[in-house]
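The block underneath contains the structure these notes are about, expressed in structure tokens.
Protein chains: 2
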Amino acid sequence: MKENSVFQALADPTRREILRLLRNGDMTPGEMIGSFNITQPSLSHHLNMLKQADLVIAQRQGQNLVYSLNVSVFEETVGMMLDIFGKKNNNKE
Amino acid sequence: MKENSVFQALADPTRREILRLLRNGDMTPGEMIGSFNITQPSLSHHLNMLKQADLVIAQRQGQNLVYSLNVSVFEETVGMMLDIFGKKNNNKE
DNA sequence: ATTATAATTAGATGGTTGTCTAATTAACTA
DNA sequence: TAGTTAATTAGACAACCATCTAATTATAAT
């Protein structure tokens, strides 16, 4: 896992909001754009950073690109944070 | 909590290593510096970012500044990540 | 008061980020 | 083959970041 890019990706409120949106189901950039006050190229930039960090996955469906969460990387990151802080990570059922 | 500065702070390997060091007990910059290949002003800069993010606390003891972890902010951050990813956060005994 | 030690602050520099407009690629439709 | 829609890529720009050297502040010791 690329910790740097993961935390870097999480350090922007727009990107965290994208993740929250995706939590409720897969979405295309065209569906997301209404939730933000930025242009589509900026949104595309943010999606690219999330993709670099492996936090999201993109799949083409016709004209659309459908973005989904990549939950495993997220859970690894939480695990790493718990590790840094020394809290026992014995709750992975 | 200032999510931006917390994640920004975590996005640097030197700063994550500082946190791991502090996990084993409070330390002064002079004690930390040997673990890194950077100058003391750079270390001071990193400590300042961690302080801005409320991840560490500094207390003067004579000539020394003693840095400690601020665990509560860390746990809030983990909680926020679990929230973003929709995982139930029912393991806080 | 002077000197020494611990650490920060100031200032400079090269690299990265967030945003925009303009141009391009990709896929569908008629 | 155009024309349309969806989205990315290119290029520019101001702001921020990691690092360094040099200067400064704060405390202690003689």
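These protein sequence lines are chains A and B, in that order.
Residue 30 in my numbering is what sits at position 30 of the first sequence, and the numbering runs on without skipping anything.
Residue 81 in my numbering is what sits at position 81 of the second sequence, and the numbering runs on without skipping anything.
Glycine residues also receive a C-beta, built at the ideal position from the N, C-alpha and C atoms.
What is the DSSP secondary structure of residue i, counted as helix, strand or coil?
i               : result
Ala59 (chain A) : Here residue 59 (chain A) turns out to be Gln, not Ala, going by the sequence shown. Residue state, collapsed to three classes: strand.
Met81 (chain B) : helix
Met27 (chain A) : strand
Phe36 (chain A) : coil
Ala11 (chain A) : coil
Lys92 (chain B) : Note that Lys92 (chain B) has pLDDT 39, beneath the 50 cutoff, so the model's placement of it is unreliable and the number below is only indicative. Looking at Lys92 (chain B) - three-state DSSP - the assignment turns out to be coil, as it is neither helix nor strand.
Since residue i contacts residue j with CB under 8 Å, what's their CB separation in whole angstroms?
i               : j               : result
Thr77 (chain B) : Met81 (chain A) : 7 Å
Tell me which residue opens and which closes the beta strand (DSSP E) that residue i is part of.
i               : result
Asn64 (chain B) : 64-69
Under 9 Å between beta-carbons, which chain B residues line up against residue i? List them in chain order, please.
i               : result
Pro13 (chain A) : Glu3, Asn4
Which bits of chain A does residue i rub up against, with CB to CB less than 8 Å?
i               : result
Leu82 (chain B) : Val78
Could you work out which residues of chain B lie near residue i, taking near to mean beta carbons separated by less than 7 Å?
i               : result
Leu10 (chain A) : Phe7
Phe36 (chain A) : Those do not exist, as Phe36 (chain A) stays about 16 Å from chain B at its closest Cβ, beyond 7 Å.
Assuming residue i is part of the alpha helix (DSSP H), what are its boundary residues?
i               : result
Ser42 (chain B) : 40-52
Find the residues of chain B that neighbour residue i, judging by a C-beta separation of less than 8 Å, and give them in chain order.
i               : result
Arg16 (chain A) : Glu3, Ile84
Cβ contact check for the region 50-62 of chain A and the region 53-67 of chain B: 3 or more pairs under 8 Å: no
Would you say the region 16-32 of chain A touches the region 21-35 of chain B, given that touching needs at least three Cβ pairs under 8 Å? no
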